[in-house]
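The block underneath contains the structure these notes are about, expressed in structure tokens.
Numbering (the numbering used here), first residue to last: 9 to 315.
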């Protein structure tokens, strides 16, 4: 059973057996198992909803249940389906299992204290727990364009519903699955240009790679290979909102645009994880924390799940 205790400053902290940070598939599964077994737990989510990564997928996106070799041991369903179907299934399971989820509780610090942990939240709340399960995944800070103009009002870093846009000239920057899916969906009723820093779409799933190459060959989408944004300017004169200057293999190019959608991935939240005392095997930015076969980190009692 959850209890309330006092900590320095006379603020009231809630205490649980397990605190789970992040409500992606790993975090939800951990919380569901705790709820199923009657263990005092709390699921801490920074946003107003479960699984922000999938929530931010574009409307109608088909979500793969990969890798398919992993057995489903969670009471929460997870099979390939639309973004909406998966989120509905998880929300229903959370309600049915009575998962104790706290939204708008972004964890800003986790400190090992004695036999347990103190978790500080950005909203001023404090949680104490005997064990911590960290399920924040690899999505940290959104990777921006990295050039002047990257924060202009018509430059965005996600696409919720492609049907909201019609008759625009839209530049999609990126060569991964998200960029390809956005570009193809937008091309139905917009003029779309995709910017690829390389000369191929090798990072994408085979189906997406084939789809974008066909769209380019059919003239539905224009592609600039071996190119990168050099600058984005806002325009006060003319029909278009802005102008993008590209550095291409053939020199500079100028695009008059209404919107930029950059899908460049994210940098892993390594700094936060290390601040919690967790060690990594090397300095490679792509490396993951060192954990045991039971997913326990070098910090006793702090477990890391998810991808």
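Every residue gets a Cβ at the ideal spot worked out from N, C-alpha and C, and that includes glycine.
Just so we're clear, the structure is a prediction, and the values are computed from it rather than from any experiment.
Roughly how many whole angstroms lie between the Cα atoms of residue i and residue j?
i, j, result
"residue 12", "residue 41", "Low per-residue confidence applies at residue 12: pLDDT is 48, beneath 50, and the placement is therefore not dependable, though the value from the model is reported in the following sentence. Roughly 23 Å between the two C-alpha positions."
"residue 50", "residue 142", "12 Å"
"residue 296", "residue 247", "47 Å"
"residue 37", "residue 106", "13 Å"
"residue 144", "residue 183", "24 Å"
"residue 5", "residue 252", "Not covered by the structure: residue 5. The range shown for the chain is 9 to 315."
"residue 207", "residue 152", "21 Å"
"residue 18", "residue 111", "With a pLDDT of 41 at residue 18, under the threshold of 50, the modelled position of that residue is not reliable, and the figure given next carries that caveat. Each residue's Cα considered, the two are about 24 Å apart."
"residue 103", "residue 312", "24 Å"
"residue 226", "residue 163", "27 Å"
"residue 277", "residue 134", "21 Å"
"residue 314", "residue 108", "19 Å"
"residue 281", "residue 303", "14 Å"
"residue 210", "residue 294", "18 Å"
"residue 139", "residue 86", "25 Å"
"residue 263", "residue 254", "8 Å"
"residue 53", "residue 94", "18 Å"
Kindly indicate the opening and closing residues of the alpha helix (DSSP H) around residue i.
i, result
"residue 221", "214-225"
"residue 62", "60-63"
"residue 190", "185-194"
"residue 278", "278-283"
"residue 38", "33-44"
Just reading off the beta strand (DSSP E) that residue i is part of, what are its end residues?
i, result
"residue 92", "Segment 91-104 is the alpha helix (DSSP H) holding residue 92; no beta strand (DSSP E) there."
"residue 4", "Examination of residue 4 is not possible in this model, given that the chain is present from 9 through 315 alone."
"residue 311", "310-312"
"residue 287", "Counting along the chain, residue 287 falls outside any beta strand (DSSP E), and DSSP gives it neither H nor E."
"residue 175", "First-last for residue 175: undefined, no H or E at that position."
"residue 119", "115-121"
"residue 2", "With the chain covering only 9 through 315, there is no way to say anything about residue 2."
"residue 135", "134-142"
"residue 251", "250-256"
"residue 209", "Note, residue 209: premise wrong, no beta strand (DSSP E); not H, not E."
Taking Cβ to Cβ, would you say residue i is nearer than 8 Å to residue j?
i, j, result
"residue 48", "residue 67", "no"
"residue 237", "residue 203", "yes"
"residue 150", "residue 192", "no"
"residue 173", "residue 198", "yes"
"residue 267", "residue 176", "yes"
"residue 265", "residue 250", "yes"
"residue 69", "residue 82", "no"
"residue 205", "residue 244", "no"
"residue 239", "residue 155", "yes"
"residue 27", "residue 137", "yes"
Considering only residues of the same chain and omitting the five flanking positions on each side of residue i, which have a CB-CB separation below 6 Å?
i, result
"residue 216", "185, 188"
"residue 180", "187, 190, 191, 202, 269"
"residue 101", "84"
"residue 97", "85"
"residue 242", "160, 250"
So is residue i in contact with chain C if we call contact Cβ pairs under 8 Å?
i, result
"residue 179", "Here there is only one protein chain, and chain C is not present."
Quick one: residues in its chain with C-beta nearer than 7 Å to the C-beta of residue i, no 5 flanking neighbours on either side, listed in chain order?
i, result
"residue 228", "195"
"residue 99", "58"
"residue 230", "201"
"residue 289", "295, 298"
Does the distance between the C-beta of residue i and the nearest non-hydrogen atom of the ligand ADP fall short of 7 Å?
i, result
"residue 67", "Annotation note on the ligand ADP: not contained in the displayed structure, which lists no ligands."
Using a Cβ-Cβ cut-off of 8 Å (strictly less than) and excluding sequence neighbours within five positions of residue i, which residues of its own chain qualify?
i, result
"residue 168", "64, 66, 67"
"residue 9", "Unreliable placement is indicated for residue 9, whose pLDDT of 45 sits below 50; the coordinate value is still reported in the next sentence. Correct list, in chain order: 48."
Discussion item. Can you confirm whether the stretch 254-272 touches the stretch 100-120 when touching is taken to mean that 3 or more C-beta pairs between the two stretches lie within less than 8 Å?
Written reply: Contact fails: fewer than three Cβ-Cβ distances are below 8 Å.
Worksheet item: Hey, is the stretch 26-40 in contact with the stretch 53-64, meaning 3+ C-beta pairs nearer than 8 Å?
Response: yes
Discussion item. Under 8 Å: do the stretch 118-136 and the stretch 297-313 share three or more Cβ pairs, one atom per stretch?
Written reply: yes
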